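> Same order as they appear, the protein sequences are chains E and R. With the first sequence counted from 1, adding 266 to any position gets you the numbering used here. With the second sequence counted from 1, adding 746 to any position gets you the numbering used here. Think of the CB as a built atom: it goes at the ideal place given N, C-alpha and C, for glycine as much as any other residue. These numbers come from a predicted model, not from an experiment.
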Amino acid sequence: MAAPRYIADPEGALACVALDGLSVLFHAPSGMTHIVAPPAPEILAALREGPADVAELLARLQAHYDFEDEIGNDVVAARLDELEQAGLVRRA
Amino acid sequence: MRHQLAFQVGPVAFRIGSAWRAPLDALASLYAAYPAPEGGICDFTVRLEPEKPWRRWLRPSVAIHGDYILPDAAPLPLAMGLLAAEMGMNLQMALGQKRFLLLHASSAEKDGRALIMTGESGAGKSTLAALLGERGWRLMGDEFALLDLDDGRLRPFPRAISLKNGAIRVMESEVAADRFGPALEGTPKGTIRHLRPNQAALAGMGDSAKPALILFPRFGEAEAVRPVGQAEIFMRLTQASTNYVSLGRAGFDALAGLVGSCPSAAIDYPDTDTAVGLVEDLWREAA
């Protein structure tokens, strides 16, 4: 079975403000406000380049960002799961 | 309506109609120094009406109606008509205000900048704002802080201050008796007595101020100042707002701008003089 691929809403649908190491997000389609920690905002930004599975997303993240703690497929998969439950990403 | 009264509080004009004269007489006394609505136009209407027609005379009870209503709100006895009018004004603001982000908070101004204090009922935010208003600050409001969605400034909303229980004695020792309304005993929140803001607060009700400090006071604890993370402040303020959700993106932007630009702290205090000292210290640090 192929690994699931994920997409996020376009940039205009999400407002993101960094506050003290965390970020608050306003998701316009749902009107919901969320608080997220790294690497969730980075995952949402990286998904705007196009649909990706966990491995592709990790490659994008490692190319664009320098995280304090090393992240792997398991971390990306766990955050994607949470973001999907929050309605911020969905299956492509 | 049989009896009517209209006045302007900061950027909001109210019209209060009542089936009885007594609640409006009490209200007129508290709001005697407030200006008439700008251009004669009112933003919100509150109606104090009998729950049933015969309840105007028979065991009179006041139901709070208006542009916006809570269908389950219990009527109050006529002796608490003034409280019903105040609750009615709060209700119209909480349910109908769309021009400002409404924070359940008190606020006061000094040197052109605004202090915002928010906390649960009983935390002392009203009392502290009322005290500061008599000690060199300009009271902006004790119940709602209005954050302008366009420029991020705080607009004054100096309604009559709602003092409860112990706070009544604190302010009676600070303020002349003619600024108080009647003591309303046996309300759901104990004894309530309204205090008319002083002349400085009324004269400045058109003057906005840039928010400069956010405090979360808590009464009844040993003196302490604790930092609060910005993300936590953001979420606490969404909970303290009655219209954050309905404002959508505009509310988010206004609140993110406020939290990102203001220092903040939680303060615990055992008595009001300690609290005023803490506020003044933190204000100097924030300058």
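What first and last residue would you give for the beta strand (DSSP E) that runs through Lys956 (chain R)?
Lys956 (chain R) -> beta strand (DSSP E) spans 956-965.
> Just the Cα atoms here: how many angstroms apart are Asp888 (chain R) and Leu895 (chain R)?
Computed Cα separation, rounded: 20 angstroms.
> Which residue's Cα is closest to the Cα of Ala854 (chain R): R:Leu874, R:Met839, R:Ala840?
Ranking the options by Cα distance to Ala854 (chain R), first place goes to R:Leu874.
> With 16 as the cutoff for other CB atoms within 10 Å, does Ser867 (chain R) come out buried or exposed?
With fewer than 16 other Cβ atoms within 10 Å, it is exposed.
> Would you say Leu354 (chain E) lies against chain R (beta-carbon separation less than 8 angstroms)?
Answer no: the Cβ-Cβ gap between Leu354 (chain E) and chain R never drops below 8 angstroms.
> I want to see whether chain E comes within less than 8 angstroms of Val971 (chain R), judged by CB atoms only; does it?
Chain E, which has no Cβ nearer than 8 angstroms to the Cβ of Val971 (chain R), makes this no.
> For Met839 (chain R), does the three-state DSSP call read helix, strand or coil?
The answer is helix: DSSP assigns Met839 (chain R) an H, G or I state.
> Run the CB neighbour count on Ala995 (chain R), radius 10 Å, all protein chains shown included, and call it buried at 16 or more, exposed below.
What sits at residue 995 (chain R) in the sequence shown is Arg, not Ala. Flag for Arg995 (chain R) reads exposed.
> How would you call Pro957 (chain R), buried or exposed, if buried means at least 16 neighbouring beta carbons within 10 angstroms?
When all chains shown are included, Pro957 (chain R) counts as buried.
> Counting contacts by CB-CB distance shorter than 8 angstroms, is Phe980 (chain R) in contact with chain E?
Yes, contact with chain E.
> For the structure I just gave you, are there three or more beta carbon pairs, one from the region 916-927 of chain R and one from the region 957-968 of chain R, closer than 8 angstroms?
Judged by Cβ distances under 8 angstroms, the region 916-927 of chain R makes no contact with the region 957-968 of chain R, as fewer than three pairs qualify.
> Between Met917 (chain R) and the ligand FAD, is the CB less than 7 angstroms from at least one heavy atom?
The ligand FAD is not part of the structure shown, which contains no ligands of any sort.
> Got a sec, what are the start and stop residues for the beta strand (DSSP E) Arg271 (chain E) sits in?
From DSSP, Arg271 (chain E) is part of no beta strand (DSSP E); its letter is neither H nor E.
> Judging by CA-CA distance, which residue of E:Ala306, E:Ala279, E:Gly278 is the nearest neighbour of Leu346 (chain E)?
Of the listed residues, the one whose Cα sits closest to Leu346 (chain E) is E:Ala306.
> Select from R:Gly827, R:Ala977, R:Arg845 the residue whose C-alpha is nearest the C-alpha of Asp897 (chain R).
Out of R:Gly827, R:Ala977, R:Arg845, R:Arg845 has the C-alpha closest to the C-alpha of Asp897 (chain R).
> Might you give, ordered along the chain, the residues of its own chain that have their beta carbon closer than 7 angstroms to the beta carbon of Phe333 (chain E), omitting 5 neighbours on each side?
If we look at Phe333 (chain E) and ignore the five residues flanking it on each side, its Cβ neighbours are Pro304, Pro305.
> So if DSSP puts Pro796 (chain R) in a beta bridge, which residue, or which two residues, is it bridged to?
Per DSSP, R:Val808.
> Between Ala268 (chain E) and chain R, is any beta-carbon pair separated by less than 8 angstroms?
Closer than 8 angstroms: no.
> Is there a Cβ of chain E sitting closer than 8 angstroms to that of Gly898 (chain R), yes or no?
No, no contact with chain E.
> Within 8 angstroms (strictly less), CB to CB, does Ala358 (chain E) reach chain R?
Cβ-Cβ to chain R under 8 angstroms: no for Ala358 (chain E).
> With a threshold of 8 angstroms, are at least 3 pairs of Cβ atoms found where one atom belongs to the region 286-303 of chain E and the other to the region 972-984 of chain R?
Yes, since at least three Cβ pairs between the region 286-303 of chain E and the region 972-984 of chain R fall closer than 8 angstroms, the two stretches touch.
> Identify the contact partners of Arg995 (chain R) in chain E, using a Cβ-Cβ distance below 9 angstroms as the criterion.
Ordered by position in chain E, the residues that pass the 9 angstroms Cβ test against Arg995 (chain R) are Ala281, Phe292, Ala294, Gly297.
> Reducing DSSP to helix, strand and coil, say where Arg748 (chain R) ends up.
It is coil, neither helix nor strand.
> What's the gap between the Cα of Ala955 (chain R) and the Cα of Arg899 (chain R)?
So the alpha carbons of these two residues sit roughly 6 angstroms apart.
> I'd like to confirm the pairing. Which residues does DSSP put opposite Pro823 (chain R) in its beta bridges?
Answer is R:Ser807.
> Can you tell me whether Gln1034 (chain R) is buried or exposed, with buried defined as 16 or more other CB within 10 angstroms of its CB?
Because residue 1034 (chain R) is not part of the residues shown, which for chain R are 747 to 1033, the question remains open.
> Mind checking if Thr873 (chain R) is an interface residue toward chain E, Cβ cutoff 8 angstroms exclusive?
Answer no: the Cβ-Cβ gap between Thr873 (chain R) and chain E never drops below 8 angstroms.
> From the beta carbon of Leu288 (chain E), is the nearest beta carbon of chain R less than 8 angstroms away?
Interface residue, yes.
> Which residues bound the beta strand (DSSP E) around Glu348 (chain E)?
Here Glu348 (chain E) belongs to no beta strand (DSSP E); instead the alpha helix (DSSP H) covers 339-351.
> Under 8 angstroms Cβ to Cβ from Asn339 (chain E), same chain only, skipping five residues before and after it: list those, please.
Within the same chain, Asn339 (chain E) has close Cβ partners Val320, Ala321, Leu324.
> Closer than 9 angstroms between beta carbons: that is the criterion. Which residues of the region 748-781 of chain R meet it against chain E?
Listed in sequence order: no entries.
> Who are the Cβ neighbours of Ala765 (chain R) in its own chain at under 6 angstroms, not counting the five residues just before and after it?
Cβ neighbours of Ala765 (chain R) beyond the five flanking positions: Arg748, Glu795, Pro796, Arg802.
> At a CB-CB cut-off below 7 angstroms, which residues of chain R make contact with Leu285 (chain E)?
Under the 7 angstroms cutoff, chain R gives Gln976, Ala977, Phe980, Val1005, Gly1006.
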